[in-house]
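Step one of this worksheet: look at the structure below.
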Amino acid sequence: MFGDKKKAARPTGSVETLIGPHAKICGDVHFNGGLYVEGTVVGAVVAAEDNASAVLTLAEGGRIEGEVRAPVVILNGSLIGDVHASQRVELGATARVEGNVYYAVVEMVAGAMLTGRLIHQDGMPKKLSGPAEE
0 MFGDKKKAAR
10 PTGSVETLIG
20 PHAKICGDVH
30 FNGGLYVEGT
40 VVGAVVAAED
50 NASAVLTLAE
60 GGRIEGEVRA
70 PVVILNGSLI
80 GDVHASQRVE
90 LGATARVEGN
100 VYYAVVEMVA
110 GAMLTGRLIH
120 QDGMPKKLSG
130 PAEE
């Protein structure tokens, strides 16, 4: 009844795209809806700007090396890069983040590791950081 009630890595809403545990994507990923990452992404992971219900879930064995931008970001794996979440960031017990986390609301479970800063902000920045466009 009052046993161990740890939160499982759960995607909020429906998962429309799955990057499996043996997949490695080199390049940016742009998505709508729910994205569940069990494999590796080397590049930015960005939700469509007009999709306020987009959810990125990084599973315990998953890894992202690049900037992340989505309204809701649920992390249980390893992420090297900055996180920009316009609504909510959840750092699970197995989350390992090397970078700054920009958030409106943050939830961090004991055991999560963050090497960087937590920076509160309202709304989503408009563009990825990178070379200036001409």
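So in numbering that gives the first Met the number 0, spot 35 of the sequence shown is number 34, and the numbers just go up one at a time. The beta carbon of each residue, even a glycine, is placed where N, CA and C say it ideally should be. Only a predicted model underlies this, so the values are computations on that prediction, with no experimental measurement involved.
Excluding five sequence positions before and after G115, the CB atoms of its chain that fall closer than 7 Å to its own CB belong to V96, E97, G98, N99 and V100, given in chain order. For R87, the enclosing beta strand (DSSP E) stretches over residues V82 to L90. By the 16-neighbour rule on beta-carbons within 10 angstroms, V104 is exposed. Bounds of the beta strand (DSSP E) holding R68 are V67 to L74.
A straight line joining the alpha-carbon of E66 with that of V72 spans about 12 Å.
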